[in-house]
Amino acid sequence: MTWRWAMASVMGLLEARETAALVRVDELREEAERVLAELREAEAVLERRAIFMKRMATKVARKLDNGVRRLREADRYTRHPVSQYIVRTKDHVRRGTRRVPEKVITLSPAILD
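Per the numbering used here, the sequence shown starts with residue 1, numbered consecutively.
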């Protein structure tokens, strides 16, 4: 009689441990799903910020005074006393209309938060 009782208690103990392991597996799966969802959300935010930074960099680059600019049409010609306009000689060095140093703006991700 004691043998059967001992066998039943071992089987009950094994079933209890199996049930506890199944519960733990379910908890860990739920936690993994939650972590993966947060990871996907963080990656989406990172991608949106990268796109935003790229757009801002192109817009800022267009707005900045980047020093030497393309020659204006009026700068390509010079007044001549006889005629209204005359083309400059080929050996004449053309320069930009503005001679200022370039401006640099560094965008920090901290300002975007």
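Glycine residues also receive a C-beta, built at the ideal position from the N, C-alpha and C atoms.
Outcome for residue i when other beta-carbon atoms lying within 10 angstroms are tallied against a minimum of 16
| i | result |
| --- | --- |
| Met-1 | Below a pLDDT of 50, predicted positions are generally treated as unreliable, and Met-1, at 46, falls in that range; the measurement from the model is reported next regardless. With fewer than 16 other Cβ atoms within 10 Å, it is exposed. |
| Arg-29 | exposed |
Sequence-distant residues of the same chain with beta carbon closer than 8 Å to residue i, five excluded per side
| i | result |
| --- | --- |
| Met-56 | Leu-107 |
Cutoff 6 Å; reference residue i; Cβ partners in own chain excluding five residues on either side
| i | result |
| --- | --- |
| Asp-26 | none |
Next item on the list: Would you mind listing the beta strand (DSSP E) stretches within the region 28-66 that are 3+ residues and don't spill past its ends, in chain order?
Entry: none
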